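For reference, the structure discussed in these notes is given below.
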Amino acid sequence: MKEYQSDKIRNVALVGHGGCGKTILTESMLFTTKVTNRLGKVEDGNTVSDFDKEEIARKISIGTSLIPIEWKDCKYNILDTPGYFDFIGEVQSALRVADGAVIVMDASSGIEVGTEKVWKYTVDRKMPKFIFINKMDKENINFDKLLNDLREKFGKGVAPFAIPLGDANNFKGIVNVVDMVARVYDGKDCTDQPVPEDMMDSVSSVREMLMESVAESDEVLMEKYFGGEEFTTEEIHEGLRKGVLGGEIVPVLLGSGVNNIGIHTLMNMISDYMPSPKDIKVVEGIHARENKPVQKNIDESDPFSAYVFKTIVDPYVGKISLLKICSGKLTSDMEIYNPEKDEIEKVGNLFLLRGKNQINVSKVVAGDIAAIAKLQYASTGDTLCDKNHPVKFDKVAFAEPTLFMAVEPKAKGDEEKIGLGLNRLTEEDPTFMVVRNAETKQTLIGGQGDMHINVITNKLKHKFGVDVQLAEQRIPYRETIKGKADVQGKHKKQSGGHGQYGDVKIRFEPAEEEFVFTEEIFGGSVPRQYIPAVEKGLRECLESGVLAGYPVVNVKATLYDGSYHDVDSSEMAFKIAASIAFKKGMEMAKPVLLEPVMKVEIVAPEDYMGDIMGDMNKRRGRILGMEPLGDGTQKVIAEAPQAELFKYATDLRSMTQARGSFTMRFERYDEMPQHLSQKIIDGAKSDK
-7 MKEYQSDKIR NVALVGHGGC GKTILTESML FTTKVTNRLG KVEDGNTVSD FDKEEIARKI
53 SIGTSLIPIE WKDCKYNILD TPGYFDFIGE VQSALRVADG AVIVMDASSG IEVGTEKVWK
113 YTVDRKMPKF IFINKMDKEN INFDKLLNDL REKFGKGVAP FAIPLGDANN FKGIVNVVDM
173 VARVYDGKDC TDQPVPEDMM DSVSSVREML MESVAESDEV LMEKYFGGEE FTTEEIHEGL
233 RKGVLGGEIV PVLLGSGVNN IGIHTLMNMI SDYMPSPKDI KVVEGIHARE NKPVQKNIDE
293 SDPFSAYVFK TIVDPYVGKI SLLKICSGKL TSDMEIYNPE KDEIEKVGNL FLLRGKNQIN
353 VSKVVAGDIA AIAKLQYAST GDTLCDKNHP VKFDKVAFAE PTLFMAVEPK AKGDEEKIGL
413 GLNRLTEEDP TFMVVRNAET KQTLIGGQGD MHINVITNKL KHKFGVDVQL AEQRIPYRET
473 IKGKADVQGK HKKQSGGHGQ YGDVKIRFEP AEEEFVFTEE IFGGSVPRQY IPAVEKGLRE
533 CLESGVLAGY PVVNVKATLY DGSYHDVDSS EMAFKIAASI AFKKGMEMAK PVLLEPVMKV
593 EIVAPEDYMG DIMGDMNKRR GRILGMEPLG DGTQKVIAEA PQAELFKYAT DLRSMTQARG
653 SFTMRFERYD EMPQHLSQKI IDGAKSDK
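This note's numbering puts the first residue of the sequence shown at -7, with every later residue one more than the last.
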């Protein structure tokens, strides 16, 4: 692949709902640009971008693939992203480095949840975008209805740049409304033909809509339009490009990835209307030492800086870092600085990735995307730069894990391999988390949903050779008391030689703090040197309560009397006496089980509020409040026991058709209802 300057580069993310045809669209682009000599199929597992074992087995995209292609003296970095919501982090990182997006839609499904989500992401990032209606060769497609739905949902800026030529099996091409030409496809090549006479009326009305958009892009053109003058071809293209770059116009294109229809037009339009890095001009960052805002020019002559947006972990090849060059240029053997880790790294092999294939290059310029193998310190979200011009760029705010499961080894002794493999996989996927719960002795993995968790465990097996099974996470219950107790703990042992004697009287009562120990000893009934041993004995007992063996909290113990023996008393004897008193006291002071309560914030469209609130009540939850967020969405703030929320990520997704999201955090411990706590206590006893 030859070298391209910044103005000849286009970084474009293909985004959309799962199954809308992004990967097959990428295949069509590869075929059209003669990188491949046949169209791969997702069903056959032979596409360039879905190369991972998991992707081939599941027939879906799991990671973002980078596909560089050349078209009309430009280089396109196509980022083929997953459509399934479990892999949302891949979409977020791709949009972070893309300069424009193509939202792909399935013509037979219309506007799906994934379409709405990626539209919102691109609007939030103020990204220029196209909508590509794929699968126009299917039966019963109503293009006019699709267009009206899009304009109703996303606004009047949505403008058709093409209309279909034929339908279903007779769908053979498009009419380019901008250039007033029919483009007929034979599956391989595209030929330009005059617009059919019987289509002129419908084409003219759509073109008139576009001319209004052109007029609105410039005051001079507006005057010309109202004066009844015709626009020149250059004026039309310039006006439309200005509208697309500014986000006022969202072109609608159409075609069929499977039949390679509409692909030439899409690629021409990416070159004509999508921004090059030169159109973006500058990248905002923070000076790594002085902590003040800085701007980096997207220019080869500026000092080098880059952003690592993705990491690929391969047990054989090692770590591959994908980065977008933000300023300057990157060459092999360069020394680069990582301000996040305060480390210098040397660039070894510099290459482009096309799926899993590496294309070696000697230089990459500002605005382009490249890969480096075996960087020691770099991880996703890091900035790499010139040490004399240190800068940090904003990291992607990745979605937090919402579903946690425990992983257990199938074979004994695999714990270390599991830990190593999971840590390597977290480098690859920032939306995945590993937590070791010291209390429940479980290793928990957190992800975006069931599929995400299953993919992680399969990768663990295939990449790192370790088999695991998933289990529910254990809940860290607590025990406390609701009443008071006044007890004696006496330890007396006499069996030849030195005896043991310790005797304490202790009052137990509820407390606000975790544990309070006080003493009211008069007259030396318990000598001063043994009082710390009594406290130590009680503190050790707090680790295991009398109901189900859970840690004990919110207890006050007052040592007020006791007795001792001049010869047989010892610290150990008083520790044992304290533990006897503790067990008696806990049993007499109305012990109860406490469960962790979580604070949950749920964001979803208003239409689902009734279902969400009803479901939260079933989970023993409590609604604390609601906040309207605009765009027809509401935020519900609630509290619910952790035990009721293990599968909430999956349940909320099905309840809201994947339109809802939530976050949760630990809030406090509350007393558990008697009938439920008894089940836990009985279970703990049977385990013993």
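Note that the Cβ used here is the ideal one computed from N, Cα and C, for glycine as well. In this text, all values refer to a predicted model and were calculated from it rather than measured experimentally.
query: Are the stretch 320 to 337 and the stretch 289 to 300 in contact at 8 Å, needing three or more beta carbon pairs?
result: Cβ pair count under 8 Å is three or more, so yes.
field: Entirely enclosed alpha helix (DSSP H) segments - the stretch 506 to 594, minimum 4 residues
entry: Listed in chain order, the complete alpha helix (DSSP H) runs (minimum 4 residues) inside the stretch 506 to 594 are 523 to 533, 563 to 580.
Beta bridge counterpart(s) of A477 as assigned by DSSP: By 1-based counting over the sequence shown, the position of residue 477 is 485. For A477, the pairing in a beta bridge is given by DSSP as F500.
task: Leaving out five residues on either side along the sequence, give the residues of the same chain with a beta carbon under 8 Å from the beta carbon of G457.
output: As a first step, residue 457 is located in the sequence shown; it is residue number 465 there, counting from the start. Within its own chain, the residues whose Cβ lies closer than 8 Å to the Cβ of G457, once the five positions on either side in sequence are excluded, are K409, listed in chain order.
query: Assuming T372 and P422 make a contact with CB atoms under 8 Å, what is their CB distance in whole Å?
result: Within the sequence shown, numbered from 1, the residue matching residue 372 stands at position 380. Within the sequence shown, numbered from 1, the residue matching residue 422 stands at position 430. 5 Å between Cβ atoms; contact.
- prompt: Would E47 be called buried (16 or more neighbouring beta carbons within 10 Å of its own) or exposed?
  reply: By 1-based counting over the sequence shown, the position of residue 47 is 55. A residue is called buried once 16 or more other Cβ atoms fall within 10 Å of its Cβ, and E47 is buried on that count.
message: Looking only at its chain, what residues have a beta carbon closer than 6 Å to the beta carbon of P633, apart from the 5 residues adjacent to it on each side?
response: To locate residue 633, count along the sequence shown from 1; it is residue 641. In chain order, E587, V589, R612 place their CB closer than 6 Å to the CB of P633, counting only its own chain and leaving out the 5 sequence neighbours on each side.
query: From P186 to I166, what does the alpha carbon distance come to, in whole angstroms?
result: One-based indexing of the sequence shown puts residue 186 at position 194. One-based indexing of the sequence shown puts residue 166 at position 174. P186 and I166 have their alpha carbons spaced roughly 11 Å apart.
- prompt: Rounded C-beta distance between C377 and Y308? I'm assuming under 8 Å.
  reply: Position 385 of the sequence shown, counting from 1, holds the residue named residue 377. Position 316 of the sequence shown, counting from 1, holds the residue named residue 308. About 30 Å separates the two Cβ atoms, so there is no contact after all.
query: Would a C-beta distance cut-off of 8 Å place D72 and T18 closer than the cut-off?
result: As a working mapping, residue 72 is identified with position 80 in the sequence shown. As a working mapping, residue 18 is identified with position 26 in the sequence shown. Yes, the pair counts as a contact, with Cβ atoms nearer than the cut-off.
query: Along the chain, where does the alpha helix (DSSP H) that runs through V236 open and close?
result: The residue you call residue 236 lines up with position 244 of the sequence shown. Residues 225 to 238.
Where the alpha helix (DSSP H) containing G675 begins and where it ends: Mapped onto the sequence shown, residue 675 falls at position 683. Start and end: 666 to 679.
Classification of V40 by the beta-carbon crowding that lies within 10 angstroms, buried from 16 upward: One-based indexing of the sequence shown puts residue 40 at position 48. Buried is the call here.
query: E131 to A160, Cα distance in whole Å?
result: Residue numbering aside, residue 131 sits at position 139 when the sequence shown is read from its first letter. Residue numbering aside, residue 160 sits at position 168 when the sequence shown is read from its first letter. So the two alpha carbons sit approximately 5 Å from each other.
query: Got a sec? Which residues, its chain only, sit under 7 Å from D603 by beta carbon, not counting five neighbours each side?
result: If you number the sequence shown from 1, residue 603 lands on position 611. Around D603: M647.
message: Mapping the DSSP letters down to three states, classify N703 as helix, strand or coil.
response: The chain is shown only over -7 to 680; residue 703 falls outside these bounds and no answer can be derived.
message: Is it the case that the stretch 554 to 571 contacts the stretch 528 to 535, given that we only count it when at least three CB pairs across the two stretches are under 8 Å?
response: Yes: at least three Cβ pairs fall under 8 Å.
query: Taking the DSSP output, what are the residues bridged to N415?
result: Stepping through the sequence shown from its first residue, residue 415 is reached at position 423. Note: N415 sits in no beta bridge, so no partner.
- request: Express the C-alpha separation of A154 and V170 in angstroms, rounding to a whole number.
  value: Taking the first residue of the sequence shown as 1, we reach residue 170 at position 178. Taking the first residue of the sequence shown as 1, we reach residue 154 at position 162. Each residue's alpha carbon lies about 8 Å from the other.
task: Measure the C-alpha to C-alpha separation of V538 and M578 and round it to an integer number of angstroms.
output: Here residue 538 is taken as the residue at index 546 of the sequence shown, counted from 1. Here residue 578 is taken as the residue at index 586 of the sequence shown, counted from 1. Going by the C-alpha atoms only, they are around 7 Å apart.
query: Are the stretch 103 to 120 and the stretch 233 to 242 touching by the rule of at least three beta carbon pairs closer than 8 Å?
result: A contact exists between the stretch 103 to 120 and the stretch 233 to 242.
message: Give me the DSSP bridge partner(s) of I1.
response: As a working mapping, residue 1 is identified with position 9 in the sequence shown. DSSP, once it has assigned bridges, lists K67 as partnering I1.
message: With H, G and I counted as helix, E and B as strand and the rest as coil, what does DSSP make of Q634?
response: In the sequence shown, residue 634 corresponds to position 642, counting from 1. Looking at Q634 - three-state DSSP - the assignment turns out to be helix.
task: Could you have a look at T432 and say whether DSSP puts it in helix, strand or coil?
output: Start at 1 with the first residue of the sequence shown, and residue 432 comes out as number 440. If DSSP states are grouped into helix, strand and coil, T432 belongs with coil.
Inter-stretch contact (C-beta, 8 Å, three-pair minimum) for the stretch 5 to 19 and the stretch 91 to 111: Yes: the two stretches touch, three or more of their Cβ pairs being nearer than 8 Å.
field: Reduced DSSP category for I253 - H, G, I as helix; E, B as strand; rest coil
entry: Residue 253 sits at position 261 when you count from the first residue of the sequence shown. Under the three-state reduction of DSSP output, I253 falls in the strand class.
field: Helix, strand or coil at K45 [DSSP, three-state]
entry: Mapped onto the sequence shown, residue 45 falls at position 53. Helix, per DSSP.
message: Using a Cβ-Cβ cutoff of less than 8 Å, which residues in the same chain neighbour D141 once the five nearest sequence positions on both sides are dropped?
response: Counted from its first residue, the sequence shown places residue 141 at position 149. Within the same chain, D141 has close Cβ partners G102, I103.
Close Cβ partners of F43 (< 6 Å) along its chain, the five nearest in sequence each way excluded: In the sequence shown, the residue the question calls residue 43 occupies position 51. G347, K348.
Unbroken stretches of the alpha helix (DSSP H), 4 residues or longer, contained in the stretch 256 to 304: Counting whole runs of 4 or more residues, the stretch 256 to 304 contains the alpha helix (DSSP H) stretches 269 to 272.
Neighbour-count burial assignment, E226, 16 or more Cβ in a 10 Å radius: Mapped onto the sequence shown, residue 226 falls at position 234. Within a 10 Å sphere around the beta-carbon of E226 sit fewer than 16 other beta-carbons, which makes this residue exposed.
- prompt: Is Y113 closer than 8 Å to V83 when the C-beta atoms are compared?
  reply: In the sequence shown, the residue the question calls residue 83 occupies position 91. In the sequence shown, the residue the question calls residue 113 occupies position 121. Result yes, Cβ atoms of V83 and Y113 sit closer than 8 Å.
- prompt: Is the beta carbon of A358 sitting closer than 8 Å to the one on P269?
  reply: Here residue 358 is taken as the residue at index 366 of the sequence shown, counted from 1. Here residue 269 is taken as the residue at index 277 of the sequence shown, counted from 1. Yes. Within cutoff.
- prompt: Going by other Cβ atoms of all chains shown within 10 Å of its Cβ, with 16 needed for buried, is K316 buried or exposed?
  reply: Numbered from its first residue, the sequence shown carries residue 316 at position 324. Counting every other CB atom within 10 Å of its CB across the protein chains shown gives K316 a total of 16 or more, marking it as buried.
- prompt: Who pairs with P152 in a beta bridge, going by DSSP?
  reply: Position 160 of the sequence shown holds residue 152. According to DSSP, P152 bridges with V244.
- request: Report the partner residues of P60 according to the DSSP bridge assignment.
  value: What you label residue 60 is simply residue 68 of the sequence shown in a count that begins at 1. P60 is bridged to N69.
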